[in-house]
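Following: one structure in structure tokens, then a few remarks.
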Amino acid sequence: MNTLRYNLMPALLLALTILPARAQQVVTVTDADIVGNVLWTSDKTYLLDGYVYVEDGETLTIEAGTVIKGKADPTTGDQASALIVARGGKLFAEGTAEAPIIFTAEDDDVTVPDDLTPEDKGLWGGVLILGRATINVGGGENAIEGLPPEDPRNFYGGSDDEDDSGVLRYVSIRHGGDIFGTDNEINGLTMGAVGRGTTIEYVEVFANQDDGFEWFGGTVDTRYLVAAFCGDDGFDYDEGFRGRGQFWFLIQGEEDGGSGGEHDGGTDPETGQPYAIPVIYNATYIGSGASSLNTSNDRAVKLRDNAGGKYYNSIFTDFAGTGINIEDLASGEDSRARLEAGDLEFRNNLWFGFGDINGSALPGTGGVFEQDFVQAALSAADNFVEDPQLRGISRSRDGGLDPRPAPGSPAWTRGTFPVPNDGFFVQTDYIGAFGEENWLEGWTHVSEAGFTSTAIEAVPGVEVPRRVTLEQNYPNPFNPQTTIEFRLDRPQAVRLAVYDVLGREVAVLAEGLQPAGVFRATFDATGLSSGLYLYRLQTEAGVLSRTMMLVK
Numbered sequence: 089m090n091t092l093r094y095n096l097m098p099a100l101l102l103a104l105t106i107l108p109a110r111a112q113q114v115v116t117v118t119d120a121d122i123v124g125n126v127l128w129t130s131d132k133t134y135l136l137d138g139y140v141y142v143e144d145g146e147t148l149t150i151e152a153g154t155v156i157k158g159k160a161d162p163t164t165g166d167q168a169s170a171l172i173v174a175r176g177g178k179l180f181a182e183g184t185a186e187a188p189i190i191f192t193a194e195d196d197d198v199t200v201p202d203d204l205t206p207e208d209k210g211l212w213g214g215v216l217i218l219g220r221a222t223i224n225v226g227g228g229e230n231a232i233e234g235l236p237p238e239d240p241r242n243f244y245g246g247s248d249d250e251d252d253s254g255v256l257r258y259v260s261i262r263h264g265g266d267i268f269g270t271d272n273e274i275n276g277l278t279m280g281a282v283g284r285g286t287t288i289e290y291v292e293v294f295a296n297q298d299d300g301f302e303w304f305g306g307t308v309d310t311r312y313l314v315a316a317f318c319g320d321d322g323f324d325y326d327e328g329f330r331g332r333g334q335f336w337f338l339i340q341g342e343e344d345g346g347s348g349g350e351h352d353g354g355t356d357p358e359t360g361q362p363y364a365i366p367v368i369y370n371a372t373y374i375g376s377g378a379s380s381l382n383t384s385n386d387r388a389v390k391l392r393d394n395a396g397g398k399y400y401n402s403i404f405t406d407f408a409g410t411g412i413n414i415e416d417l418a419s420g421e422d423s424r425a426r427l428e429a430g431d432l433e434f435r436n437n438l439w440f441g442f443g444d445i446n447g448s449a450l451p452g453t454g455g456v457f458e459q460d461f462v463q464a465a466l467s468a469a470d471n472f473v474e475d476p477q478l479r480g481i482s483r484s485r486d487g488g489l490d491p492r493p494a495p496g497s498p499a500w501t502r503g504t505f506p507v508p509n510d511g512f513f514v515q516t517d518y519i520g521a522f523g524e525e526n527w528l529e530g531w532t533h534v535s536e537a538g539f540t541s542t543a544i545e546a547v548p549g550v551e552v553p554r555r556v557t558l559e560q561n562y563p564n565p566f567n568p569q570t571t572i573e574f575r576l577d578r579p580q581a582v583r584l585a586v587y588d589v590l591g592r593e594v595a596v597l598a599e600g601l602q603p604a605g606v607f608r609a610t611f612d613a614t615g616l617s618s619g620l621y622l623y624r625l626q627t628e629a630g631v632l633s634r635t636m637m638l639v640k
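In the working numbering, the protein residues as written are 89 to 640.
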């Protein structure tokens, strides 16, 4: 059977095909529809109508590539549409880089990358996960913000720091964040007492009205998080959060967005234990711009209510306000006490490009420091006021956002604080969330909508083509490089990828929104074996594919 497949495949791949997009069935889901073990498949679009709970003992599994939308005006009488994993429930939302799972608004046409903009916020609720890990609130449990406290399913907290609520991997959450009042909002991804048995990585929150990510206590570890163009803070923790984090990325809009990190210890009481002491490596926080008039973007990081926390090997840049503020009360415990106790630490970080919009920075500190004791502590811990030389900062769909440090950047040369070899953290030799790889590409809406750069080169001075075409690569056969050319009749989202004869993806050459024109991409097959390869161009018009031969 394997031999037959191999012999037939070259003939099949030689065909140039155009596959029209298929309309998907829309399935409306209410709370009553989640009973027992439920599977949502990628051949359908699911529309949340009101609060939809995965309750204790229930499991919701979502296939890679599935789209879930939140109804703007629920018919159920609920204030918003949201997916809530209650204590004891499990969510397995495991997308892939090629087929992420998308949560978005009812009116979002996900086949058109620029259908909605970063200004389209608060169009539905969001995703909430509630667990049984410890929090520092009196009584050991609390009702989550943004949901009715009279419903017992909306409570979180317990004594199991290893609690497992499932898996979120390659998930994009867009245009949510209904706000019902002061301190009563739904974040993009809300985590209440989520335990470290839960897996959360490669998750994007795009254009949420409130915070991107917020933790209320708990111990969950997270990696590869993206908070893009949110209306308030990017990363917010409270109530004794003690998880580990690595590769957190923030980009704020020019006119809205709060702090990069708003970090609180506890409120009932502030001295409650366990203290909030998460450990974070390799963050990159980009604010609204040093010249922005956004007064909410007042600080890159602020810590209060006796919060601790540790940031290592991170970049904070381009904020309208200052770099950092640490609570310093006249009496009682505060975040300064956590700093002096070693529970609050910033080491081997780069700070640059602050606008000091409120005029609170100490003279001669580059707009970073407001307090003498903070300047002394951070300066002694290898924090540098120095341009990280990111390859590109842009908040427009012009391909200009590239948060990787350029060659020669101090992110490469300043040295890093040792990364723990504990089975979770990834060993790195650079400061910030990115090294040579831009891990935003492919699966995020930031990439899909054209904010980030691509691997293709536009050919100037060519008339706009009349149709979408994919040309034969040249040279062909080739070793080890070849050029692939394609033509677009109008602006649209594209994806150009290369596959081997077994259908395994070996390279992504272009991805995201592109203007009309002619484009060329270079494919380098160094490290690959001789043989037949397929390259495939996916556009809004359909799919085109051709084959090429690598001969070494």
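We put the beta carbon where it would ideally sit given N, CA and C, even for glycine. Every value quoted in this text rests on a predicted model; they were computed, and no experiment measured them.
Boundaries of the alpha helix (DSSP H) in which P498 is found, first to last residue: Boundaries of the alpha helix (DSSP H) around P498: P498 to T501.
As assigned by DSSP and simplified to three states, the class of Q463: Correct three-state label for Q463: helix.
N394 classed as buried or exposed, judged by whether at least 16 other C-beta atoms fall within 10 angstroms: Here N394 is buried, its C-beta having at least 16 other C-beta atoms within 10 Å.
Residue burial classification, F72 (beta-carbon count within 10 angstroms, cutoff 16): Because the chain here runs from 89 to 640, residue 72 falls outside it and cannot be looked at.
Collapsed DSSP secondary structure at S633 in the structure displayed: Reduced to three states, the DSSP call for S633 is strand.
Proximity of D202 and R485 at Cβ, strictly below 9 Å: Contact: yes.
Assigned exposure category for K495 - 16 Cβ within 10 Å defines buried: The residue you asked about is not Lys; residue 495 is Pro in the sequence shown. With fewer than 16 other beta carbons inside 10 angstroms of its own, P495 counts as exposed.
Terminal residues of the alpha helix (DSSP H) in which V425 lies: Reading the sequence as shown, one finds Ala at residue 425 and not Val. Annotation for A425: the continuous alpha helix (DSSP H) segment containing it runs S423 to E428.
Distance cut-off 8 Å: I156 Cβ against heavy atoms of the ligand MG: This structure simply doesn't include the ligand MG, nor any ligand for that matter.
Contacting residues, own chain, Cβ-Cβ under 7 Å from V367 (five flanking each side not counted): Only R332 and K398 meet the Cβ criterion.
Rounded separation between G511 and I172 - CA only: Here the alpha carbon of G511 sits roughly 30 Å from the alpha carbon of I172.
Residue environment, A464, which counts as buried when at least 16 other CB atoms sit within 10 Å: Exposed, since its Cβ has fewer than 16 Cβ neighbours within 10 Å.
V259 beta carbon less than 9 Å from that of V308: It is not a contact, given that the beta carbons lie outside the stated cut-off.
Proximity of S384 and G345 at Cβ, strictly below 9 Å: Yes, these two residues count as a Cβ contact at 9 Å.
Same chain only: Cβ atoms within 8 Å of V534, ignoring 5 sequence neighbours per side: Close CB contacts of V534 within its chain, under the 8 Å cut and outside five residues either way in sequence, are with E292, F294, V314, A316, I339, L489, L528 and T540 (chain order).
Simplified DSSP assignment, three categories, for T593: Looking at the sequence itself, residue 593 is Glu, so the reference to Thr does not match. Strand at E593.
Rounded C-alpha distance that separates D441 from T557: This sequence places Gly at residue 441; Asp is not what is there. Roughly 44 Å between the two C-alpha positions.
Inter-residue spacing [alpha-carbon to alpha-carbon] between R578 and D196: Rounded to whole angstroms, R578 to D196 spans 21 Å at the Cα level.
Whole-number beta carbon distance between G354 and G328, since they are thought to touch under 8 Å: Going by Cβ atoms, the distance from G328 to G354 rounds to 6 Å, so yes, they are a contact pair.
Residues of its chain near V225, where Cβ-Cβ distance is below 6 Å and the 5 sequence neighbours each way are ignored: Sequence-distant Cβ neighbours of V225 in its own chain, meaning closer than 6 Å and more than five residues away, are E327 and D356.
Counted within 10 angstroms of its Cβ, other Cβ atoms place L104 as buried (16 or more) or exposed: With a pLDDT of 33 at L104, under the threshold of 50, the modelled position of that residue is not reliable, and no figure is offered here.
Selected residue, minimal CA-CA separation from G619, among I267, V639 and D406: It is V639 whose Cα lies nearest to the Cα of G619.
Among R262, L216, P206 and S467, the one whose alpha carbon lies nearest that of F191: Out of R262, L216, P206 and S467, R262 has the C-alpha closest to the C-alpha of F191.
Environment of Q297 [buried if 16+ CB atoms lie within 10 Å]: With 16 or more Cβ atoms within 10 Å of its Cβ, Q297 is classed as buried.
Whole-angstrom distance between F434 and A469, CA atom to CA atom: Between A469 and F434, the C-alpha separation is close to 7 Å.
3-residue-minimum beta strand (DSSP E) runs that sit fully inside the region 533 to 569, ordered along the chain: With a minimum length of 3 residues, the continuous beta strand (DSSP E) runs that stay inside the region 533 to 569 are 544 to 547.
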